[in-house]
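*Asks:* Please read through the structure below; I'll follow up with questions.
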Amino acid sequence: MRTVSGVVAVLLLVGCGGPQRRCDRTTCASGCCSSDGQCQPGSMSSACGTSGNVCSVCSLDATCFAGACTTFGGSGGGSSSSGGGAAMGGGAAVGGGAAGGTAGGASAGGASGGGAAGGSIGGGAAGGASRVGCAGMQYSEPLPTTSSLGGLVYTPAMAQQYLLSALQLRYPHGEAVVRGGLANPISPQQPNCVTAFLGDTSSGPAVLRQASTVVHECGHFWDLGTSRGASSAYVIAPNLQRTCANGDTTTRGGRTFARSLIKGDAWYAMRPACMNMSSSTCDFYADVYLDGSPTNGTFESGDQGFNSLLEEANQYVNSLASALAFRDAFSGGSRVSERDGILTFMWYLERYLAMARLQYPTAYATLTQDACWREAILSVWDRGWFYLQATNAYASTLGINDARLRTLVETPSLLAEIDSVRGLHCP
Ligand SMILES: [Zn+2]
23 MRTVSGVVAV
33 LLLVGCGGPQ
43 RRCDRTTCAS
53 GCCSSDGQCQ
63 PGSMSSACGT
73 SGNVCSVCSL
83 DATCFAGACT
93 TFGGSGGGSS
103 SSGGGAAMGG
113 GAAVGGGAAG
123 GTAGGASAGG
133 ASGGGAAGGS
143 IGGGAAGGAS
153 RVGCAGMQYS
163 EPLPTTSSLG
173 GLVYTPAMAQ
183 QYLLSALQLR
193 YPHGEAVVRG
203 GLANPISPQQ
213 PNCVTAFLGD
223 TSSGPAVLRQ
233 ASTVVHECGH
243 FWDLGTSRGA
253 SSAYVIAPNL
263 QRTCANGDTT
273 TRGGRTFARS
283 LIKGDAWYAM
293 RPACMNMSSS
303 TCDFYADVYL
313 DGSPTNGTFE
323 SGDQGFNSLL
333 EEANQYVNSL
343 ASALAFRDAF
353 SGGSRVSERD
363 GILTFMWYLE
373 RYLAMARLQY
383 PTAYATLTQD
393 ACWREAILSV
403 WDRGWFYLQA
413 TNAYASTLGI
423 NDARLRTLVE
433 TPSLLAEIDS
443 VRGLHCP
């Protein structure tokens with residue numbers, strides 16, 4: 023559906039006539055060039071871009087953010103009471119905005135307000151390791167508590183406050199992430215990260231079951247809202263934030279390649295995209311996050327670069343931590359895919375690094391020669407394992423196909439990709 027609308031819009035632009043004047047990096051540095059050679063602000067979903075590149079038409083579930091079509095791909099919050107693989111693939115529409123193509127519009131890259139909330143975000147090594155990213159299996163951070171929520175009164179009108187209070191009691195970092203997301207709206211026209219992703223407000227437990235999705239999405243808002251230009255910000259842990267450069271694809275202002283390209287590797291066949299089928303042996307995350315092709319002229323979620331892959335992994339750790347905090351809100355027998363989510367993205371990170379090393383030397387050098395990327399990759403990785411270990415005992419609730427995925431992630435030749443990064447980083 024979204025692809026069709028994007029194609030129609032492109033055809034309409036092409037129909038306006040050929041180039042009339044030169045539009046390029048020098049004449050349109052802060053915007054993008056439309057097909058008829060006009061310099062556009064580059065901040066609209068109907069004409070999104072920067073640095074004099076050709077404007078993109080963002081798909082309906084993407085929004086133009088800092089001159090790049092950006093989609094969060096949903097939180098992949100699949101659930102299945104039968105234990106099978108029938109997960110709904112997210113795809114929640116934060117974006118919109120493509121309809122109508124409003125003229126005027128804010129300056130490129132604008133619209134994100136506010137500075138970093140919280141204020142407690144600095145450098146520092148998490149878990150007491152001598153160097154950020156080198157903790158390995160010794161990584162630790164305060165785990166969610168089992169504090170009683172009995173003192174909280176729930177009303178649907180106060181759902182957001184209820185969630186924040188519950189997070190404060192059980193998972194304070196999650197509360198900080200939600201507040202960081204609320205302080206960093208994607209644009210004034212978009213609903214905030216709680217309103218956009220908290221669907222069922224019928225009861226307190228219903229809200230708590232969505233904490234993993236809300237924290238995940240608010241984490242995206244916080245990270246994207248504090249990213250600037252070609253740099254990507256990551257709030258990784260309570261005292262760990264990094265902002266690393268050039269992580270998007272070469273066609274989107276960075277030095278990496280589209281994340282969808284890992285579908286071309288030898289591992290893909292082990293767990294191919296579901297393509298609307300329902301099976302425990304297919305990868306519905308691939309349908310959402312590795313879709314499309316970077317060269318088909320249409321923006322798809324999978325067109326985004328390594329920076330977006332790590333961003334999703336970062337938030338899937340938050341998803342799992344939040345689900346752990348409120349595991350008692352899941353009724354007996356129901357299963358959610360939070361362990362599957364982070365394991366899938368750990369598998370993608372390994373595969374992406376392998377492909378970069380073998381086929382995209384500039385991308386690999388960008389990610390491995392820069393201490394910022396090494397710290398971010400290794401910290402997200404270690405934190406992911408930390409929460410996987412912490413949720414082992416609850417795998418029958420917080421995972422669906424996680425055992426199979428763990429086997430894939432623990433393939434020695436793939437683990438070697440992470441070890442290589444660690445070898446470069448940790449003396
Ligand atoms: Zn996400």
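For the sequence shown, the working numbering gives the first residue as 23, with consecutive numbering after it. Cβ coordinates follow ideal geometry from the N, Cα and C atoms, glycine included. Note that this is a predicted model, so its numbers are computed, not measured.
DSSP three-state call for V443: helix, strand or coil?
*Replies:* helix
*Asks:* Could you pull out every residue in the same chain whose Cβ sits closer than 6 angstroms to the Cβ of S249, ignoring the five residues on either side in sequence?
*Replies:* A255
*Asks:* Report the option in S353, P260, E360 whose CA atom is closest to the CA atom of N414.
*Replies:* The shortest CA-to-CA distance from N414 to any of S353, P260, E360 is the one to E360.
*Asks:* Comparing alpha-carbon positions, which option in T223, E333, L204 lies nearest N214?
*Replies:* L204
*Asks:* Given a threshold of 16 other Cβ atoms within 10 Å of its Cβ, counted over all protein chains shown, does N75 qualify as buried or as exposed?
*Replies:* buried
*Asks:* Mind pulling the alpha helix (DSSP H) runs of 4 or more residues that sit fully within the region 297-349?
*Replies:* 306-311, 328-347
*Asks:* With H, G and I counted as helix, E and B as strand and the rest as coil, what does DSSP make of V431?
*Replies:* helix
*Asks:* With distances taken between CB atoms, is the gap from G155 to R444 smaller than 9 angstroms?
*Replies:* yes
*Asks:* Look up A267 in the DSSP assignment and give the residues it is bridged to.
*Replies:* S253
*Asks:* Do you know how far the Cα of Q60 is from the Cα of C45?
*Replies:* 6 angstroms
*Asks:* Using a Cβ-based criterion (distance less than 8 angstroms to any ligand heavy atom), does Q337 qualify as near ligand 1?
*Replies:* Flag set: Cβ of Q337 near ligand 1.
*Asks:* Closest to T384 by C-alpha separation, out of E239, G269, T167, would be which residue?
*Replies:* G269
*Asks:* Below 8 angstroms on the Cβ atoms is my guess for S169 versus R192; work out the distance and round it to an integer in Å.
*Replies:* 5 angstroms
*Asks:* So who's on the other strand from V76, going by DSSP bridges?
*Replies:* C55
*Asks:* Can you give the Cα-Cα distance for G363 and Q337, rounded to whole angstroms?
*Replies:* 10 angstroms
*Asks:* Roughly how far, in whole angstroms, is the beta-carbon of I258 from the beta-carbon of A412, given that I think they are within contact range, below 8 angstroms?
*Replies:* I258 to A412, Cβ: 17 angstroms. No contact.
*Asks:* Based on the DSSP secondary-structure assignment, which residues constitute the bridge partners of Q62?
*Replies:* C54
*Asks:* For V431 and I440, I'd like the C-alpha separation in whole angstroms.
*Replies:* 11 angstroms
*Asks:* Figure out for me which residue from P210, A198, F243 has the closest Cα to the Cα of F219.
*Replies:* Residue F243 is the option with its Cα nearest to F219.
*Asks:* Within 10 angstroms of its Cβ, does V175 collect 16 or more other Cβ (buried), or is it exposed?
*Replies:* Per the 10 Å Cβ criterion, exposed.
*Asks:* Kindly list the residues whose CB is nearer than 7 angstroms to the CB of T217, restricted to its own chain and excluding five residues on each side of it in sequence; keep chain order.
*Replies:* none
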